[in-house]
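Novice: Numbering of the sequence shown is given in the numbering used here, commencing with residue 1288 and proceeding in unit increments.
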Amino acid sequence: RMIPVGVIIGALLALVVLLRARYQLSFKARLREALRRKEFHMVYQPVMDLRTNRCVGAEALIRWSPPDEPPVSPAVFIPEAESHGLIKQVTAQVMEMVARDSVALLTAYPDTHIAINFSAEDLHSPQMEGQLATLLQHAGAQSRNILIEATERGLMQPDKAKGRLVSVRAQGFKVAIDDFGTGSSSLSYLATYDLDLLKIDKMFVDSFEQNSSTSKVALHIIEIARTLGLEMIAEGVETERQRDTLRAAGVQYAQGWLFARPMSMGDLMGFMRASNDVASVAPEII
Ligand code: C2E
Ligand code: MG
Ligand code: MG
Ligand code: MG
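Encoded structure:
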């Protein structure tokens, strides 16, 4: 006798739902454990000045290497931490690590910056920047050297977000919109918020490989930002063609594998030294 197909499909679906729920549960448990055991560390990706070829700072990016397991990408676990209500604890550890790691660099190079990524919930909790300011103070660093990157998702409730950004900047932090151009109301943000910087999303940077309509849109957005006096960091620059297009369009800063991959703070110190020495001895002719 045959079992009806509907029953088999139903059973399989139930199994999938069950396994998913178990996976979700165990992921949350693993994240909690990772927080408790402090299994995270930070890497730092250099940001270059396209006019001078000097390194002007770096973006702090979190890494999770569970013991005896392959590393988990932040593109995977940050959204999980957000949906399980654990992101504020992750960000608290990020802020501690960045404050501790950056003092030496910021003391040796006081005109450089370190960027920290804030999730939507971080941005919406009023005590966050105060905590960061205190951590920095204790470590011996200053908030004016810290750039806070907020995604467009974090700015979705403009009334709320506007006040929050004002207070973040009042503490001395600089503010950037991350992944700029990927959201639906990007351009309206430029008029709504007081911002220091825009981070031009990799999608736009990639478009400069061809003369596509996306690349035309990207160039117009860059032009608008320039007219408004906003500085820009282009993300994910991998080729010389992309770099040259951005430079010609007047984008001041860039990060990407063309210049450097994310690295340890120790390596960043060396990179900073080399980049500044080389640039002053043999500036590239623009
Ligand atoms: P994001 O803030 O937009 O960071 C840029 C991502 O692009 C990083 O990925 C970086 O390693 C990668 N990248 C840089 N240059 C290149 C390039 O030339 N080519 C390519 N293909 N990729 C490049 P990563 O480190 O895997 O981080 C992914 C995302 O996870 C970040 O995107 C950010 O949204 C989130 N994230 C990372 N660290 C943190 C953190 O400390 N806190 C929070 N809330 N989110 C974080
Ligand atoms: Mg970022
Ligand atoms: Mg980004
Ligand atoms: Mg991005």
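Ideal Cβ placement from N, Cα and C applies to all residues, glycine included.
Give, in chain order, every unbroken run of the alpha helix (DSSP H) that is at least 4 residues long and sits entirely within the stretch 1363-1430.
Specialist: Counting only runs of 4 or more, we get 1374-1395, 1407-1411, 1415-1426.
Novice: Apart from the five residues just before and just after Q1332, which ones in its own chain have a Cβ nearer than 8 Å to its Cβ?
Specialist: Position 45 of the sequence shown, counted from the first residue, corresponds to residue 1332. Excluding residues within five positions, the ones whose Cβ falls inside 8 Å are A1345, E1346, L1348, Q1542, A1547, R1548, P1549, M1550.
Novice: Between which two residues does the beta strand (DSSP E) carrying D1465 extend?
Specialist: Locating residue 1465 in the sequence shown gives position 178, counting from the first residue. Per DSSP, D1465 belongs to the beta strand (DSSP E) from 1461-1467.
Novice: Sorry if obvious, but does the Cβ on K1461 come closer than 7 Å to a heavy atom of ligand 3?
Specialist: For the purposes of this step, residue 1461 is taken as residue 174 along the sequence shown, with counting starting at 1. Checking every heavy atom of ligand 3 against the Cβ of K1461, none is found closer than 7 Å.
Novice: Under the assumption that L1442 contacts K1461 (Cβ atoms under 8 Å), give the Cβ distance between them as a whole number of angstroms.
Specialist: As a position in the sequence shown, residue 1442 is number 155, starting the count at 1. As a position in the sequence shown, residue 1461 is number 174, starting the count at 1. Contact doesn't hold; Cβ gap of about 16 Å is too wide.
Novice: For ligand 3, is there any heavy atom lying closer than 7 Å to the beta carbon of E1522?
Specialist: Residue mapping note: residue 1522 aligns to position 235 of the sequence shown, counting from 1. Flag set: Cβ of E1522 near ligand 3.
Novice: Run the proximity test for E1356: is its beta-carbon closer than 7 Å to any non-hydrogen atom belonging to ligand 2?
Specialist: Stepping through the sequence shown from its first residue, residue 1356 is reached at position 69. No.
Novice: Tell me which residues share the same chain as P1570 and place their Cβ nearer than 8 Å to its Cβ, disregarding the 5 neighbours each side in the sequence.
Specialist: In the sequence shown, the residue the question calls residue 1570 occupies position 283. For P1570, the predicted model reports a pLDDT of 49, less than 50, meaning its position is unreliable; a value from the coordinates is still stated below. Cβ within range, chain order: T1339, N1340.
Novice: Can you find the residues in the same chain that come closer than 7 Å, C-beta to C-beta, to F1467, ignoring five residues on each side of it along the sequence?
Specialist: Here the question's residue 1467 lines up with position 180 in the sequence shown. Once the five neighbours on either side are set aside, the close Cβ partners of F1467 are S1473, L1485, K1486, I1487, D1488.
Novice: Check this for me: beta carbons of V1538 and L1337, under 8 Å apart or not?
Specialist: What you label residue 1538 is simply residue 251 of the sequence shown in a count that begins at 1. What you label residue 1337 is simply residue 50 of the sequence shown in a count that begins at 1. It is a contact, given that the beta carbons lie within the stated cut-off.
Novice: Look at the alpha carbon of I1573 and the alpha carbon of E1518, and state the distance between them as a whole number of angstroms.
Specialist: Indexing the sequence shown from 1 puts residue 1573 at position 286. Indexing the sequence shown from 1 puts residue 1518 at position 231. Low local confidence applies: a pLDDT of 47 at I1573 is under 50, so the model's placement there is unreliable, and no value is given.
Novice: In the DSSP assignment, what residue or residues form a beta bridge with L1484?
Specialist: Residue 1484 sits at position 197 when you count from the first residue of the sequence shown. The partner list for L1484 (beta bridge, DSSP) reads A1463, E1518.
Novice: Just to check, is the beta-carbon of N1432 closer than 7 Å to a non-hydrogen atom of ligand 2?
Specialist: To locate residue 1432, count along the sequence shown from 1; it is residue 145. The answer is no for N1432.
Novice: Taking the alpha-carbon of L1393 as reference, which of L1423, E1369, T1438, A1457 has the nearest alpha-carbon?
Specialist: Within the sequence shown, the letter at position 106 stands for residue 1393. Per the Cα distances, L1423.
Novice: Would H1400 be called buried (16 or more neighbouring beta carbons within 10 Å of its own) or exposed?
Specialist: The residue given as residue 1400 occupies position 113 in the sequence shown. So H1400 ends up on the buried side.
Novice: Would you call the CB atoms of M1552 and Y1396 closer than 8 Å?
Specialist: Locating residue 1552 in the sequence shown gives position 265, counting from the first residue. Locating residue 1396 in the sequence shown gives position 109, counting from the first residue. Result no, Cβ atoms of M1552 and Y1396 do not sit closer than 8 Å.
Novice: When the Cα atoms are used, what is the spatial distance from S1562 to P1353?
Specialist: The residue labelled residue 1562 in the question sits at position 275 within the sequence shown. The residue labelled residue 1353 in the question sits at position 66 within the sequence shown. If I take the Cα positions, the gap works out to 33 Å.
Novice: If we ignore side chains and look at the alpha-carbon of each, how far apart do S1389 and G1293 end up?
Specialist: On the sequence shown, position 102 is the one that residue 1389 refers to. On the sequence shown, position 6 is the one that residue 1293 refers to. Roughly 59 Å separates the two Cα atoms.
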